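**Student:** Residues in the sequence shown are numbered from 13 upward in steps of one, following the numbering used here.
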Amino acid sequence: MITVRTFTELSAAELWGILHLRSSIFVVEQDCVYLDPDTADFADGTLHAFIGDDPLYPHSYARLLPIGWPDEHLPTHASRPIGRVVTAESSRGLGYSAQIIRHLVEIAESEGLSTSLNGQAHLESWYARFGFERCGENFMEDDIPHVPMVKYTSSPDS
Numbered sequence: 013m014i015t016v017r018t019f020t021e022l023s024a025a026e027l028w029g030i031l032h033l034r035s036s037i038f039v040v041e042q043d044c045v046y047l048d049p050d051t052a053d054f055a056d057g058t059l060h061a062f063i064g065d066d067p068l069y070p071h072s073y074a075r076l077l078p079i080g081w082p083d084e085h086l087p088t089h090a091s092r093p094i095g096r097v098v099t100a101e102s103s104r105g106l107g108y109s110a111q112i113i114r115h116l117v118e119i120a121e122s123e124g125l126s127t128s129l130n131g132q133a134h135l136e137s138w139y140a141r142f143g144f145e146r147c148g149e150n151f152m153e154d155d156i157p158h159v160p161m162v163k164y165t166s167s168p169d170s
């Protein structure tokens, strides 16, 4: 079951579990030395989605940012960016992240909004399965190639 909460709705255990998972993968496994928690975590409108039976150890997580969250690589049309998509090593290949991506896209679409993301380039075809398409050139972030992608709910010109 997917749990979706705002920052203020997260319990201390859920917040710790999310930050532990993100730092375990992004900082330790991928060797990206940066401060993972950021102002987007508690921004008004950010939604945190996760799957797991134990709040301290979620299987998978992603967040949906508010419309118009600034990002130099993403289009400026009405979209809600998805970010920090992550799955625990022991839970990979079980479809948890796919469930979360679909759910966050549904939330944005119910608001009449597109979704966008900066995916790691090696996952471009995985994100394409959900209707995301490239919307710019590859770029480096923390020494990892990324690609900007968008899933339009309607024509980008509308």
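By construction, the Cβ of each residue, glycine as well, lies at the ideal position given by its N, Cα and C atoms.
A quick note: this is a predicted structure, and the numbers were derived from the prediction, not measured.
Taking contact to mean 3 or more Cβ pairs, one atom from each stretch, closer than 8 Å, check whether the segment 58-73 and the segment 138-152 are in contact.
**Tutor:** No: fewer than three Cβ pairs fall under 8 Å.
**Student:** Can Ile210 and Val97 be called in contact, C-beta distance under 8 Å?
**Tutor:** Absent from the structure is residue 210, since the part of the chain shown begins at 13 and ends at 170.
**Student:** Report all residues from its chain with a CB closer than 8 Å to the CB of Gln42; omit the five preceding and five following residues, and keep chain order.
**Tutor:** So the list reads Asp154 and Ile156, once near-sequence residues are dropped.
**Student:** Could you tell me if Leu12 is buried or exposed, where buried requires 16 or more neighbouring beta carbons within 10 angstroms of its beta carbon?
**Tutor:** Residue 12 falls outside the range modelled here, since the chain spans only 13 to 170, and no answer is possible.
**Student:** Taking the alpha-carbon positions, what's the Arg75 to Arg92 distance?
**Tutor:** Each residue's Cα considered, the two are about 10 Å apart.
**Student:** Consult DSSP for Glu26 and reduce its assignment to one of helix, strand or coil.
**Tutor:** In the structure shown, Glu26 sits in a helix (DSSP, three-state: H, G or I).
**Student:** In or out: Asp53 buried (at least 16 other Cβ within 10 Å) or exposed?
**Tutor:** When all chains shown are included, Asp53 counts as buried.
**Student:** Give the straight-line distance between the Cα atoms of Asp56 and Leu129, rounded to the nearest whole angstrom.
**Tutor:** Rounded to whole angstroms, Asp56 to Leu129 spans 19 Å at the Cα level.
**Student:** So, at 6 Å on beta carbons, what are the nonlocal neighbours of Cys44 in its own chain, with the 5 sequence-adjacent residues on each side left out?
**Tutor:** Only Phe38 and Asp154 meet the Cβ criterion.
**Student:** Using beta-carbon positions only, say whether Val162 and Pro87 come within less than 8 Å of one another.
**Tutor:** The answer is yes: Cβ separation under 8 Å.
**Student:** What would DSSP say about His71, mapped onto helix, strand or coil?
**Tutor:** The answer is coil: DSSP assigns His71 none of H, G, I, E or B.
**Student:** Judging by CA-CA distance, which residue of Ile30, Pro82 and His71 is the nearest neighbour of Glu101?
**Tutor:** Of the candidates Ile30, Pro82 and His71, the one whose C-alpha sits nearest the C-alpha of Glu101 is His71.
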